[in-house]
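J.: Here our numbering is used: the sequence shown runs in plain steps of one and ends on residue 265.
For each residue, glycine too, the CB sits at the ideal point set by N, CA and C.
I have a structure I would like to understand better, so I am pasting it below and will then ask my questions one at a time.
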Amino acid sequence: MTGRPRRRGRWVALAALTAAGVVVPVGGEIASHVLRRTADVPVTFARPVREVRIDAGDTRAVFSAGPAGRVGLHERLTWTLARPVVRTTWAGDVLWVKVDCGRRTQVVPVLDCGADLDFRVPPGTAVTSTSSSGEVAVRGLAGAVTMRTHSGTLDLAGTSGPVDFEANSGELAATGLLAGRVVARVGSGTVRLAFADAPGSVSARAGSGEVAVTVPPGTHYRVAGSTGSGDRAVDPALPDLRAAGLLDLTTGSGSVTAGYGSGRL
């Protein structure tokens, strides 16, 4: 007769300790699982937008094409104690977005606090992101895509605007790419680019990782770059010193591959 109240008391005590930031890691993981909560929040901004700038942290954000003159945002929030806040501010036609989890998850990092953000923006919208370990995906947009991250990932599909990606240990993966210009720099990570249209300029550098590029059959490029202690495989039909396009591909201790493909990874 007394077992159930005792168990309830233990969970209450565990929650209290977690809130105070003094629970041991294992207890925090249990509390995170048992006390986890979620919420779905739809948001619409009925105004023109030129660029979305997001401080992603470890958030997952997806951008896809929507109607002109508005921004649709679906927030999927997950938390244990402190509900995350998605802060949005406008500066003219630029939307700034940041996910704030407060200080509690910094004290006890095993506790959940995060957000998955799904944006629907006009096709010409530019996307600029900074993140620690977040994931950003962009689908079918024509605006410029810029990302600075510690260990995050950028996933592109059918985008046609210029791409600028820089990561300490991140990953860039692009399929059906229509961009004329791509600049990618990673310390230890991978850059994989599959072009559906011939690019004008590609500069991809990895300290200790892989660089792989495929371009449409029959196209030719000036090929530059070097490989330190890795393999380098460039299709012999690609290079042409008189070509307008440039593939500058360099790795320190990783592999470089460049050849023809279907535009898909």
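Among all the DSSP beta bridges, which residues are the ones paired with L238?
T.: By one-based count along the sequence shown, residue 238 stands at place 238. The partner list for L238 (beta bridge, DSSP) is empty, contrary to what the question assumes.
J.: Assuming contact is defined by CB atoms lying nearer than 8 angstroms, are L177 and A196 in contact in what I supplied?
T.: Within the sequence shown, the letter at position 177 stands for residue 177. Within the sequence shown, the letter at position 196 stands for residue 196. Yes.
J.: Within the stretch 175-210, note down every full beta strand (DSSP E) run reaching 3 residues or more, in order along the chain.
T.: 181-186, 190-195, 201-206
J.: Helix, strand or coil: which one does DSSP assign to C101?
T.: Here residue 101 refers to the residue found at position 101 of the sequence shown. Note: C101 maps to coil in three-state DSSP.
J.: Quick one: using the 10 Å Cβ neighbour count with 16 as the cut-off for buried, is L241 buried or exposed?
T.: In the sequence shown, residue 241 corresponds to position 241, counting from 1. With fewer than 16 Cβ atoms within 10 Å of its Cβ, L241 is classed as exposed.
J.: Does T38 pass the burial test, meaning 16 or more other C-beta atoms within 10 Å, or should it be called exposed?
T.: Stepping through the sequence shown from its first residue, residue 38 is reached at position 38. Its Cβ having fewer than 16 others within 10 Å, T38 is exposed.
J.: Report the rounded CA-to-CA distance for S132 versus R139, giving the unit in angstroms.
T.: Translated into the one-based positions of the sequence shown, residue 132 becomes position 132. Translated into the one-based positions of the sequence shown, residue 139 becomes position 139. When rounded, the separation of the alpha-carbon atoms in S132 and R139 is 22 angstroms.
J.: Closer than 7 angstroms by C-beta to R83: which residues in its own chain qualify, once you throw out the five before and the five after it? Chain order, please.
T.: Indexing the sequence shown from 1 puts residue 83 at position 83. Answer for R83: L77, listed in chain order.
J.: For D40, I'd like the list of residues in its chain whose CB is within less than 8 angstroms of its CB, leaving aside the five on either flank, ordered along the chain.
T.: Position 40 of the sequence shown, counted from the start, is the residue given in the question as residue 40. Result list for D40: H74, E75, R76, L77, in chain order.
J.: CB V211 to CB G254, shorter than 8 angstroms?
T.: On the sequence shown, residue 211 is found 211 positions in, with the first residue counted as 1. On the sequence shown, residue 254 is found 254 positions in, with the first residue counted as 1. Contact flag set, yes.
J.: On the DSSP bridge list, what partners appear for S64?
T.: Here the question's residue 64 lines up with position 64 in the sequence shown. Partner(s): R120, R139.
J.: What distance in whole Å lies between the Cβ atoms of A144 and P123, which are believed to be in contact at a cut-off of 8 angstroms?
T.: Within the sequence shown, the letter at position 123 stands for residue 123. Within the sequence shown, the letter at position 144 stands for residue 144. That pair is no contact at about 13 angstroms.
J.: Should T214 and G259 be called a contact, given that it needs their Cβ atoms to be closer than 8 angstroms?
T.: On the sequence shown, residue 214 is found 214 positions in, with the first residue counted as 1. On the sequence shown, residue 259 is found 259 positions in, with the first residue counted as 1. It is a contact, given that the beta carbons lie within the stated cut-off.
J.: Tell me, please, which residues DSSP counts as bridged to V328.
T.: No answer is possible for residue 328: it lies beyond the span of the chain, which begins at 1 and ends at 265.
J.: Going by alpha carbons, who is nearest to R205 out of G102, R47, V191?
T.: Locating residue 205 in the sequence shown gives position 205, where the first residue counts as 1. Ranked by Cα distance from R205, the options G102, R47, V191 are led by V191.
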